[in-house]
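A short worksheet on the structure shown next.
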Amino acid sequence: MLILPIVNKNRVLNVRITLNSAYKVRTGVDISKISESDIIVNGRLFSKSFYNEGYSCIVDFIRTNLCLYSKKFLITTKRGINSECCDIYEVDLPPTKINDAFDSLYGRVLVDMQKEIPGVIKSKYLSLKKIGFDKIFSDENISKIRKAVSNGYSKNDFINIFSENELIEALKIVEALNIFNCTVVSGASIFESSLVEMIDSFDRINSKDTKGLNNYYNMALENRDIYAKMAYVYKVVYGKDFNLIQSLSQKRKRDIQLVKVASGELSQIA
49 MLILPIVNKN
59 RVLNVRITLN
69 SAYKVRTGVD
79 ISKISESDII
89 VNGRLFSKSF
99 YNEGYSCIVD
109 FIRTNLCLYS
119 KKFLITTKRG
129 INSECCDIYE
139 VDLPPTKIND
149 AFDSLYGRVL
159 VDMQKEIPGV
169 IKSKYLSLKK
179 IGFDKIFSDE
189 NISKIRKAVS
199 NGYSKNDFIN
209 IFSENELIEA
219 LKIVEALNIF
229 NCTVVSGASI
239 FESSLVEMID
249 SFDRINSKDT
259 KGLNNYYNMA
269 LENRDIYAKM
279 AYVYKVVYGK
289 DFNLIQSLSQ
299 KRKRDIQLVK
309 VASGELSQIA
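Written out as structure tokens, the structure is:
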């Protein structure tokens with residue numbers, strides 16, 4: 049699982065990041081007939097390409113090997129630890145390139161899916177700072193937006209403001225993030241105060257776990273700060289809350305509302 053640790057309302061949440069467009073299309077395929085744990089675009093394998101160097105390169109590989117009418121590509125995963133079979137997912141194409149930071153995030157999500165083994169849970173933490181989101185949603189860039197807001201710009205003027213201040217990448221990112229499913233992992237949250245106490249306790253006994261816990265907590269704080277800036281950009285442009293991260297109960301409630309809207313039972317979603 050690809051996990052985004054993030055501090056929210058005095059708790060540290062662990063948020064699983066997946067792709068909305070990934071669908072399993074075949075199960076139990078003989079691995080002698082297809083490459084397992086791989087990305088396949090127009091019959092070409094990522095594992096055998098010279099792009100096999102980093103997360104952002106994965107997306108370059110996909111874009112380079114598309115044919116004219118390509119709409120999807122394939123990801124193969126292991127069926128089990130000792131299985132001779134694999135499963136195949138079909139995935140929508142990545143969005144038009146925004147920057148390397150977004151491609152790096154997209155690539156990490158693909159690799160997480162590619163390395164999936166049913167029944168085996170192994171999590172990897174995602175740092176928004178490490179992939180470069182801190183530079184796009186920097187204090188300086190957010191200050192430019194705040195200054196524009198304080199000068200009385202209307203919402204309709206913000207496309208020009210973003211373009212003038214070279215903030216168009218920030219706007220494109222918050223628009224494109226809806227391709228991801230960001231769900232809080234149930235039962236995996238901890239009160240921030242409890243985590244701080246735990247770190248302090250391990251520090252007092254000079255435990256080797258102190259460094260790991262400190263790194264995890266600092267990452268969760270950094271992710272909170274960057275996410276707050278993304279939420280601010282979204283709120284300024286669209287005038288509504290940025291609800292990218294939700295719990296399972298929130299998602300179920302939203303899905304029920306969407307069904308009612310589709311059936312005409314509700315005129316709008318509250």
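Position in the sequence shown counted from 1, then plus 48, gives you the working numbering. A virtual CB, placed ideally from N, CA and C, is assigned to each residue, including glycine.
Give me the Cβ distance between residue i and residue j, rounded to the nearest whole Å; I'm assuming they're in contact under 8 Å.
i: Ala279; j: Met161; result: Not a contact, Cβ separation roughly 26 Å.
i: Glu84; j: Lys57; result: No, Glu84 and Lys57 are not in contact; Cβ-Cβ is about 41 Å, not under 8 Å.
Considering Cα atoms alone, identify which of the options is closest to residue i.
i: Tyr59; options: Val285, Ala236 and Gly287; result: Checking the displayed sequence, the identity of residue 59 turns out to be Arg instead of Tyr. Comparing Cα-Cα distances from Arg59 to each of Val285, Ala236 and Gly287, the minimum goes to Ala236.
i: Leu158; options: Pro53, Leu219 and Leu141; result: Leu141
i: Tyr173; options: Asn90, Val107 and Met267; result: Met267
i: Phe181; options: Val285, Ile209, Met246 and Asp151; result: Asp151
i: Glu223; options: Phe239, Val284 and Asp248; result: Val284
i: Ile227; options: Pro53, Thr66 and Lys57; result: Thr66
i: Gly91; options: Glu240, Tyr265 and Lys120; result: Lys120
i: Ala276; options: Phe290, Ile82 and Ser171; result: Phe290
i: Leu225; options: Tyr282, Asn113, Ser80 and Lys163; result: Tyr282
i: Gly287; options: Arg252, Asp257 and Val197; result: Val197
i: Ile221; options: Leu176, Lys96 and Ile87; result: Leu176
i: Pro143; options: Gly167, Asp108, Lys163 and Ser131; result: Asp108
Indicate whether residue i and residue j have their beta-carbon atoms separated by less than 8 Å.
i: Lys72; j: Asp135; result: yes
i: Ile165; j: Glu217; result: no
i: Leu261; j: Val55; result: no
i: Tyr137; j: Leu122; result: yes
i: Ile110; j: Val89; result: yes
i: Ile190; j: Ala149; result: no
i: Ile169; j: Met49; result: yes
i: Cys230; j: Ile274; result: no
i: Tyr103; j: Gly155; result: yes
i: Cys133; j: Asp187; result: no
i: Val233; j: Arg64; result: yes
i: Ile179; j: Leu153; result: yes
i: Ile51; j: Ser242; result: no
Evaluate residue i with the Cβ neighbour count: other Cβ atoms within 10 Å of its Cβ, from every protein chain shown; 16 or more gives buried, anything less gives exposed.
i: Asn271; result: buried
i: Phe210; result: buried
i: Pro53; result: buried
i: Thr30; result: Summary: the structure shown does not reach residue 30, with the chain confined to residues 49 through 318, and so no result is reported for it.
i: Phe94; result: buried
i: Tyr265; result: buried
i: Leu296; result: exposed
i: Gln139; result: Reading the sequence as shown, one finds Val at residue 139 and not Gln. Classification for Val139: buried.
i: Asn199; result: exposed
i: Ile317; result: Residue placement at Ile317 cannot be trusted, given a pLDDT of 30 that sits under 50; the coordinates are not used to answer.
i: Asn113; result: buried
i: Ile253; result: exposed
i: Asn208; result: exposed
i: Asn68; result: exposed
Complete alpha helix (DSSP H) runs within the segment 180-205 (minimum length 4 residues, chain order) = For the alpha helix (DSSP H) assignment, the uninterrupted runs of no fewer than 4 residues enclosed by the segment 180-205 are, from N- to C-terminal side, 181-184 and 187-198.
- Query: Considering only residues of the segment 116-142, which uninterrupted beta strand (DSSP E) runs meet the minimum length of 3 residues and lie entirely inside it, listed in chain order?
  - Reply: Counting whole runs of 3 or more residues, the segment 116-142 contains the beta strand (DSSP E) stretches 120-126 and 133-140.
Original post:
Going along the chain, which unbroken runs of the beta strand (DSSP E) with 3 or more residues stay wholly within the segment 212-247?
Top reply: Correct list: 228-232.
Practice prompt. Would you list, in sequence order, the uninterrupted alpha helix (DSSP H) runs of no fewer than 4 residues that lie entirely inside the segment 252-291?
Written response: List check, alpha helix (DSSP H) in window: 257-286.
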